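Residue numbers (my numbering): -8 to 505.
Here is the structure we will look at.
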Amino acid sequence: MTQEELFKKLVAHCKEYGFIFPSSEIYDGLGAVYDYGQNGVELKNNIKRYWWDSMVKLHENIVGIDAAIFMHPKTWEASGHVGAFNDPLIDNKDSKKRYRADVLVEDWLAKQQEKIDKEVEKARKRFGEQFDESQYLATSPRVLEIKAKMDAVHTRFAEALNANNLEELKQIILDCEIVCPISGTRNWTDVRQFNLMFSTQMGSTADGANTIYLRPETAQGIFVNFLNVQKTGRMKLPFGIAQIGKAFRNEIVARQFIFRMREFEQMEMQFFVQPGTEMDWWKQWKETRMAWHRALGFGDENYRFHDHDKLAHYANAATDIEYNFPFGFKEVEGIHSRTDFDLGRHQEYSGKKLQYFDAERGESYVPYVVETSIGVDRMFLQIMSAAYNEEKLENGEERVVLNLPAALAPVKVAVLPLVKKDGMPEVARKIVDELKYDYNVVYDEKDSVGKRYRRQDAVGTPYCVTVDGQTLEDGTVTVRHRDTMQQERVAIADLRRMVDEGCSYAALFKKMKA
Ligand code: ATP
């Protein structure tokens, strides 16, 4: 199965099992807007909890807030979003399709890297055991040729982005002979800038109305509340403010399902530090965040850092954590050193002092900020892509299973009476009643046990508990484990302990430290 086919199957699976539906589907949907179904909302809430607890519960010096989506319009002038929150776009005149010019070049660069990887694989097969990869990379004429071409384009690309040179960006696309994937032609328009903010009107009459924006990031709600939190919480530097909430971007090219949406959710934490210490904190947060991702157990090799070619207007260092999606390594999270840009600008635009009095130094100053910013939906897609597996079983049957970390699974336990009689449903209901206050538990008595197992595998339920004849005699049940499909007899009295241990967030957090 190709990666593309796998991705299509994943999208279909998300719909079939109540994870994600296209928004307003009965009206044929709305571009790049999606709804979460009954299982999707549970997984999403669990991801948010994993993030929130890792920030707010595990750090004495991080607190949370929940700011409004609407903010005073001056916020976005001060933050630079009115003037500079743009994407460079380009149209193909034949297909009439619109693309992000920077993404076209990035995809071209990724393709060159793939070519190099293929050469390496071919050589590995040819040379067998004696193959020395680093020597091959340093000497193969074919690899060196591709690499030189790549490096030259990369340098031009970074310069063009930083100088906002749109003509040069177009020239790179032409020089690299990049074609439109739909029409296959190189008939491109010029590159233009496009602001990504949605606006609306506030006020009852059109003339008295004020243009306000739907926030394109949650961070600004944190910056404008910096002093409120610092004073009321008596916070001392360094300290952080975390927030989870909706953000909106009028993305030009919305593609790859929930990877790029127009309405999405962010989990952001702004960490306020003494000026001059920001690089150390930036490095530390890079490591902490990478450990958070890796603790989920999807394979360390599937994550990497990618430093930005173009720093945003507010940043002095920035890196992305990328995951190996079915469509290649792509950003899941950004870790940015935002300097004193945001607080400094809000101070200037509002005329209010946004400073911290440092008792040790005996002076006031505007703190520097290191931000960690991750999309809930993108993280959701990352987890689903990693967890989705099709397996061939020993008896020749196939199953689709979501190997989700148990703490994140939408349903923790399915309780199944073997038959709908002999008092088994009653015992099963009792087990549900005992567990339901702490866990999302389902009761299922329809179809054969085998079919019921498959249904639970498909949504990633870690434990299926079957009540059978023996249960009525000795108070034990059959517990069937999702990943191994192994079964064991467990006393009903021990079920809670098993679920507590298997589904705890603490186990994930401990892996972060290891
Ligand atoms: P990209 O380069 O993919 O457009 P970005 O660098 O603009 O993303 P940031 O502004 O750093 O993204 O946003 C932080 C995080 O928010 C991203 O790492 C991503 O997880 C998430 N995110 C950003 N835009 C979207 C979107 N349109 N849909 C879903 N998630 C998004």
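Just so you know, even glycine gets a beta-carbon here, dropped at the ideal spot from N, CA and C.
It should be emphasised that the depicted structure is a prediction, and the values quoted were computed from it without experimental measurement.
- For F332, same chain residues with a beta-carbon under 6 Å away, outside a window of 5 residues either side, are Y305 in chain order.
- Boundaries cannot be given for A303, as no beta strand (DSSP E) includes it and DSSP labels it neither H nor E.
- Distance between H50 and M281, taken at the CA atoms: about 17 Å.
- Cβ neighbours of Y340 within its own chain (closer than 6 Å, five residues either side excluded): K65 and A69.
- Around the beta carbon of Q126, a 10 Å sphere encloses fewer than 16 other beta carbons of the protein chains shown; the residue is thus reported as exposed.
- A direct Cα-Cα distance of roughly 7 Å separates F318 from Q(-6).
- Out of I312, F316, Q338 and F320, the CA that lies nearest to the CA of H327 is found in I312.
- Excluding sequence positions up to five before and after D300, its CB lies within less than 7 Å of the CB of F148, A149 and L152, all in the same chain and listed in chain order.
- CA-CA distance, E259 to Y347, rounds to 21 Å.
- Distance check between F248 and each of Y25, V490 and Q211 places Y25 closest, using alpha-carbon atoms only.
- For E242 and F255, the gap between their C-alpha atoms comes out near 11 Å.
- Look at R369: its beta carbon is less than 8 Å from one of the heavy atoms in the ligand ATP.
- In this structure, DSSP gives A58 a state outside helix and strand, which the three-state scheme calls coil.
- Taking 9 Å as the cut-off, the Cβ atoms of L393 and A400 count as close.
- Around the CB of I173, fewer than 16 other CB atoms lie within 10 Å, so the residue is classed as exposed.
- Here I213 has I232, Q234 and Q261 as same chain residues with Cβ atoms under 6 Å from its own Cβ, once five neighbours each way along the sequence are excluded.
- Around the C-beta of R225, fewer than 16 other C-beta atoms lie within 10 Å, and the residue is accordingly described as exposed.
- Here the distance from the Cβ of M46 to the nearest heavy atom of the ligand ATP is not below 8 Å.
- Under the criterion of beta carbons closer than 8 Å, M415 and V458 qualify as touching, at roughly 5 Å.
- Under the three-state reduction of DSSP output, V24 falls in the coil class, being neither helix nor strand.
- For N219, the enclosing alpha helix (DSSP H) starts and ends at F217 to T223.
- Within 8 Å of the C-beta of V323 there is at least one heavy atom belonging to the ligand ATP.
- Linking P132 to K138 through their CA atoms gives a straight-line distance of about 10 Å.
- Counting C-beta pairs closer than 8 Å gives fewer than three between the segment 205 to 212 and the segment 19 to 33, which falls short of the contact rule.
- Judged by pairs of C-beta atoms under 8 Å, the segment 83 to 94 does not touch the segment 261 to 270, as fewer than three such pairs exist.
- Between L21 and Y356, the alpha-carbon positions lie close to 46 Å from each other.
- The alpha-carbon separation between E159 and I11 amounts to approximately 40 Å.
- One thing to note: V361 has its Cβ no nearer than 9 Å to the Cβ of W283.
- The alpha carbon of V264 has as its nearest neighbour, out of E136, Y359 and F76, the alpha carbon of Y359.
- Looking at the DSSP output, H327 shares a beta bridge with A309 and E362.
- In this structure, the C-beta of M252 approaches the ligand ATP to less than 8 Å from one of its heavy atoms.
- Under DSSP, S355 shares a beta bridge with F348.
- Here K343 is not near I60, since their CB atoms are 9 Å or more apart.
- Note: W179 is bridge-paired with N83 in the DSSP secondary-structure output.
- The closest heavy atom of the ligand ATP lies 8 Å or more from the beta carbon of Q265.
- Straight through space, the alpha carbons of D19 and E417 are spaced by roughly 44 Å.
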